[in-house]
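Peer 1: Got a structure for you, questions after.
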């Protein structure tokens, strides 16, 4: 079967869940080959990639790749595309991943698809576009398909691959080295999962009422082992940090379960969460647009419903 390149997302040598999802997806369409960009690959990371189907692991361990912003990864992939002629290249639909995809498309004269939520035979991608108003099937018609897939769109499934390591070297252009990373600040990792990778997300909106009241949302999230999200109305009001905003101008999530508490369901918010597998809405307004999208709805005051739900979940643990 044809080789499919998967750009590895990792933090300090730890492979992120989205990479395992991409390897699972690649395995259904060809032979997965992981691409590790930069130093720091460990035996544990290689074993993890092989566990989820990577037949090959291309390792470009030069510091230059991570000392400069985004462009070196695109050049690395472009050189691999030229040498290996893969059937496709898959990247995570993160802010960086989508920029890498765009740059790679230009370098290889190929078509690019972003924010795919599914991928079928012939590399036909499912997309949710125009603020989530339209679902389409799209396919690249020129060059090597380059596809950025949203995290949580595919359930990762282990299936052992050979994991054969192959070192590769990359020659970076002067343009790729134009912007240099001069400082890195490590963000403290909390107990909750990262928002875009979480299997469960609990989000609060205008109906929460205040920053202090977000403790109700956090309580339910912690009981479920979930990430916390917020609507634009809540973040604009200063009730919750902007990095947790879900929506068209915030982050896009595709969890297995999305609980929207006190969120009306404006199109701006729906664009960032409507590909969730199951949506539960809690709102005291029975006419709220969110109920049109929800699989399950509770009409009621979130300040009464959410604490009761949290207590019931704790009892069953």
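In our numbering, the protein residues as written are 2 to 318. Beta carbons: idealized from backbone N, C-alpha and C, even for Gly.
(1) Count Cβ pairs between the region 86 to 94 and the region 45 to 52 that sit closer than 8 Å; are there 3 or more?
(2) Under 8 Å, with one C-beta from each stretch per pair, do the region 141 to 155 and the region 111 to 128 reach the 3-pair mark?
(3) When the Cα of residue 134 is compared with those of 267, 278 and 316, which residue comes out closest?
(4) In the DSSP output, what is residue 117 paired with across the bridge?
(5) Per DSSP, which one or two residues make a beta bridge with residue 181?
(6) Can you tell me which residues form a DSSP beta bridge with residue 204?
(7) Please determine if the region 157 to 175 and the region 222 to 236 are in contact, where contact requires at least 3 C-beta pairs separated by less than 8 Å.
(8) Could you tell me the distance, in whole angstroms, from the CA atom of residue 11 to the CA atom of residue 301?
(9) Express the C-alpha separation of residue 85 and residue 57 in angstroms, rounding to a whole number.
(10) Does the distance from the C-beta atom of residue 34 to that of residue 55 stay below 9 Å?
(11) Do residue 31 and residue 5 have their CB atoms nearer than 9 Å?
(12) Specify, as a first and last residue, the run of the beta strand (DSSP E) that residue 172 falls within.
(13) Quick check on this structure: which residue in 99, 238 and 262 has the alpha carbon closest to the alpha carbon of residue 286?
(14) If you compare alpha carbons, which of 21, 295 and 296 is closest to residue 156?
(15) Determine the extent of the beta strand (DSSP E) in which residue 95 is found, giving its start and end residues.
(16) What is the C-beta distance between residue 248 and residue 269, in whole angstroms, given that I count them as a contact (C-beta under 8 Å)?
(17) Measure the Cβ-Cβ separation of residue 181 and residue 264 and say whether it is below 9 Å.
(18) Report yes if the C-beta distance between residue 224 and residue 202 is below 9 Å; otherwise report no.
(19) Would you grab the beta carbon distance between residue 1 and residue 78 for me? Rounded to a whole angstrom, and I think it's under 8 Å.
(20) Here's the rule I'm using: 16 or more other beta-carbon atoms within 10 Å means buried, otherwise exposed. How should residue 76 be labelled?
(21) For residue 17, name the three-state secondary structure that DSSP assigns.
(22) Within 10 angstroms of the Cβ of residue 74, are there 16 or more other Cβ atoms? Answer buried if so, exposed if not.
(23) Out of curiosity, what's the CA-to-CA distance linking residue 14 and residue 245?
Peer 2: In short:
(1) No, they do not touch.
(2) yes
(3) Looking up residue 134 in the chain shown gives position 133. Nearest option by C-alpha distance: 267.
(4) What you label residue 117 is simply residue 116 of the chain shown in a count that begins at 1. According to DSSP, residue 117 bridges with 128 and 150.
(5) By 1-based counting over the chain shown, the position of residue 181 is 180. DSSP, once it has assigned bridges, lists 69 as partnering residue 181.
(6) If you number the chain shown from 1, residue 204 lands on position 203. Beta-bridge pairing links residue 204 to 230 and 261.
(7) no
(8) For the purposes of this step, residue 11 is taken as the residue at position 10 of the chain shown. For the purposes of this step, residue 301 is taken as the residue at position 300 of the chain shown. Whole-angstrom Cα-Cα distance: 41 Å.
(9) By 1-based counting over the chain shown, the position of residue 57 is 56. By 1-based counting over the chain shown, the position of residue 85 is 84. Cα to Cα, residue 57 sits roughly 12 Å from residue 85.
(10) Taking the first residue of the chain shown as 1, we reach residue 34 at position 33. Taking the first residue of the chain shown as 1, we reach residue 55 at position 54. For residue 34 and residue 55, yes; Cβs fall inside 9 Å.
(11) Counted from its first residue, the chain shown places residue 31 at position 30. Counted from its first residue, the chain shown places residue 5 at position 4. The answer is yes: Cβ separation under 9 Å.
(12) Sequence index remark: in the chain shown, residue 172 carries index 171 (1-based). No beta strand (DSSP E) contains residue 172, which DSSP labels as neither H nor E.
(13) Along the chain shown, read from residue 1 onward, the residue named residue 286 stands at position 285. When 99, 238 and 262 are compared, the shortest CA-CA separation from residue 286 is found for 262.
(14) Position 155 of the chain shown holds residue 156. The candidate whose alpha carbon is nearest that of residue 156 is 21.
(15) Translated into positions along the chain shown, residue 95 becomes position 94. Premise fails: residue 95 is in no beta strand (DSSP E) and is neither H nor E.
(16) For the purposes of this step, residue 248 is taken as the residue at position 247 of the chain shown. For the purposes of this step, residue 269 is taken as the residue at position 268 of the chain shown. That pair is a contact at about 5 Å.
(17) Numbered from 1 along the chain shown, position 180 holds the residue referred to as residue 181. Numbered from 1 along the chain shown, position 263 holds the residue referred to as residue 264. Note that the C-beta distance between residue 181 and residue 264 is not below 9 Å.
(18) For the purposes of this step, residue 224 is taken as residue 223 along the chain shown, with counting starting at 1. For the purposes of this step, residue 202 is taken as residue 201 along the chain shown, with counting starting at 1. No, Cβ-Cβ distance for residue 224 and residue 202 is not below 9 Å.
(19) For the chain, the structure presents residues 2 to 318; residue 1 sits outside this window and is missing.
(20) Locating residue 76 in the chain shown gives position 75, where the first residue counts as 1. Buried.
(21) By 1-based counting over the chain shown, the position of residue 17 is 16. In the structure shown, residue 17 sits in coil (DSSP, three-state: anything other than H, G, I, E or B).
(22) Here the question's residue 74 lines up with position 73 in the chain shown. So residue 74 counts as buried.
(23) Here residue 14 refers to the residue found at position 13 of the chain shown. Here residue 245 refers to the residue found at position 244 of the chain shown. Those two C-alpha atoms are separated by around 25 Å.
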